[in-house]
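Undergrad: Let me begin by handing over the structure; questions about it come next.
2 protein chains.
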Amino acid sequence: MTYREIWHEIHIHSTPRKVYQALTDVEKLAGWWTTDTRGESTVGGKLEFWFSGHLAAEMVVAELTTDSLVRWRVTERGIADWIDTEISFDISRGRKKTILHLRHSKWREEAAMFPECSMHWAIFLLSLKEFVEMGRGRPHPYDMPVNI
Amino acid sequence: MTYREIWHEIHIHSTPRKVYQALTDVEKLAGWWTTDTRGESTVGGKLEFWFSGHLAAEMVVAELTTDSLVRWRVTERGIADWIDTEISFDISRGRKKTILHLRHSKWREEAAMFPECSMHWAIFLLSLKEFVEMGRGRPHPYDMPVNI
Chain D
0 MTYREIWHEI HIHSTPRKVY QALTDVEKLA GWWTTDTRGE STVGGKLEFW
50 FSGHLAAEMV VAELTTDSLV RWRVTERGIA DWIDTEISFD ISRGRKKTIL
100 HLRHSKWREE AAMFPECSMH WAIFLLSLKE FVEMGRGRPH PYDMPVNI
Chain A
0 MTYREIWHEI HIHSTPRKVY QALTDVEKLA GWWTTDTRGE STVGGKLEFW
50 FSGHLAAEMV VAELTTDSLV RWRVTERGIA DWIDTEISFD ISRGRKKTIL
100 HLRHSKWREE AAMFPECSMH WAIFLLSLKE FVEMGRGRPH PYDMPVNI
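First to last, the sequence lines map onto chains D and A. So the first sequence is numbered by numbering that gives the first Met the number 0: it starts at 0 and just counts up by one. So the second sequence is numbered by numbering that gives the first Met the number 0: it starts at 0 and just counts up by one.
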């Protein structure tokens, strides 16, 4: 079985700590991804990301390493193409900036939403960057409407 | 040998013709990707994309199907990670919009620039969308500085 993977890198002018917090504090997740974020960011806990009243994905928090790594696994609740895929955020310190790698892996070859989600992840990473650097992101429903 | 692929989808509120022109007219390419674009967009012809005085990539135009498909192959001139990779733009008509798929394929597994370029392609597709929809893109050196 071959899988596809989305893999983006973005640089954020802030500390690894602030980036880690934006990825692990439910209120902060709601500040850059979707305003309707629910659940608990603890290992084994579940997070829900709702878009306009639809549950896009429920994630189990698989791994948390302070200021360095966040890893989620998508459960059977939510968009079919995302089920059993994995999302990781790898945080590292660069020169005067923080380097963030998003990897959304284990996409099945036939998953039709792959290219659209690849584009959307980039847009939400730009939102995350703005949230961390300037205190204000563009979470859904305030996100850039590229696919309407 | 396993290869990686960047694959983004974006929707553009315009005609397939306008999107095709933005991908095949050298002056229009300079309006959304990099202001210093040179060469000839004919099958077998070569295009050069310069960023701040550096040749990022020289492409051979491998295929052109009017209003539908553009395919380039990167030559040995330019960034090492891009050599022999392939780029395709697939254009199709949606409801009241044009659907564009960018695929940048045949990346070697060890190519370190992959995640950074994945992010940059998304940013330049947003620039292309603005260029086609509103007549003004954000080509380099006017692009969003996400990786500095």
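C-beta atoms are modelled at their ideal positions from N, C-alpha and C, and glycine is treated no differently.
Round the Cβ separation of D/I33 and D/P144 to the nearest angstrom and send it over; I've been treating them as touching at under 8 angstroms.
TA: Per the sequence shown, residue 33 of chain D should be read as Thr rather than Ile. About 14 angstroms; that fails the 8 angstroms criterion.
Undergrad: Can you grab the Cα-Cα spacing for the pair A/A55 / A/E75, in whole Å?
TA: Approximately 11 angstroms, taken between the alpha carbons.
Undergrad: Report the neighbours of D/I9 on chain A: residues whose CB is nearer than 8 angstroms to its CB, in chain order.
TA: Residues of chain A passing the Cβ test: M118, V145 and N146.
Undergrad: For A/W106, does the three-state DSSP call read helix, strand or coil?
TA: DSSP places A/W106 in strand when its eight states are reduced to three.
Undergrad: Any residues in the stretch 95 to 110 of chain A with a beta carbon nearer than 7 angstroms to a beta carbon of chain D? Which ones, in chain order?
TA: Within the stretch 95 to 110 of chain A, the qualifying residues are H100.
Undergrad: Could you round the C-beta distance between D/I90 and D/T97 to whole angstroms and report it? I think they count as a contact, below 8 angstroms.
TA: Between D/T97 and D/I90 the Cβ distance is about 6 angstroms, and since that is below 8 angstroms, they are a contact.
Undergrad: For A/S117, which of helix, strand or coil comes out of DSSP?
TA: Helix.
Undergrad: Specify, as a first and last residue, the run of the beta strand (DSSP E) that A/R3 falls within.
TA: Element bounds for A/R3: Y2 to I11.
Undergrad: Could you pull out every residue in the same chain whose Cβ sits closer than 7 angstroms to the Cβ of A/F50, ignoring the five residues on either side in sequence?
TA: Closer than 7 angstroms at Cβ, skipping near neighbours: T33 and H139.
Undergrad: Can you name the residues of chain A whose CB is closer than 9 angstroms to the CB of D/K128?
TA: Those within 9 angstroms of D/K128 in chain A are V145.
Undergrad: Determine the extent of the alpha helix (DSSP H) in which A/A21 is found, giving its start and end residues.
TA: Per DSSP, A/A21 belongs to the alpha helix (DSSP H) from P15 to T23.
Undergrad: Run through chain A and tell me which residues come within less than 8 angstroms of D/L124, C-beta to C-beta.
TA: The answer, in chain order, is M118.
Undergrad: On the DSSP letters alone, give me the boundaries of the beta strand (DSSP E) that A/V42 sits inside.
TA: No beta strand (DSSP E) contains A/V42, which DSSP labels as neither H nor E.
Undergrad: Out of curiosity, what's the CA-to-CA distance linking A/L99 and A/H10?
TA: Taking the straight line from one Cα to the other gives about 6 angstroms.
Undergrad: Specify the secondary structure class of A/K96 as computed by DSSP and reduced to three states.
TA: Three-state result, A/K96: strand.
Undergrad: Quick check on D/A79: buried or exposed, where buried means 16 or more other Cβ atoms within 10 Å of its Cβ?
TA: So D/A79 counts as exposed.
Undergrad: For A/E4, which option in A/M112, A/E132, A/E129 and A/M133 has the closest C-alpha, if you only look at C-alpha atoms?
TA: The shortest C-alpha separation from A/E4 is found at A/M112.
Undergrad: Assign A/S104 to one of two classes, buried (16 or more other C-beta atoms within 10 Å of its C-beta) or exposed (fewer than that).
TA: Flag for A/S104 reads exposed.
Undergrad: I need the boundaries of the beta strand (DSSP E) containing D/D35, first residue and last residue.
TA: Unbroken beta strand (DSSP E) run through D/D35: D35 to G38.
Undergrad: Taking only beta-carbon atoms, is D/A61 less than 8 angstroms away from chain A?
TA: For D/A61, the answer is no, since every Cβ of chain A falls outside 8 angstroms of its Cβ.
Undergrad: Given that A/P114 touches chain D, what residues does it touch there, using C-beta distances under 7 angstroms?
TA: Under the 7 angstroms cutoff, chain D gives W6, H7, E8 and H100.
Undergrad: Classify D/H7 as buried or exposed, calling it buried when 16 or more other Cβ atoms lie within 10 Å of its own Cβ.
TA: Flag for D/H7 reads buried.
Undergrad: Suppose you measure from the CA of A/S1 to the CA of A/D83; what does that come to, to the nearest Å?
TA: The residue asked about is misnamed: residue 1 of chain A is Thr in this sequence, not Ser. Near 14 angstroms, if we compare the C-alpha coordinates of A/D83 and A/T1.
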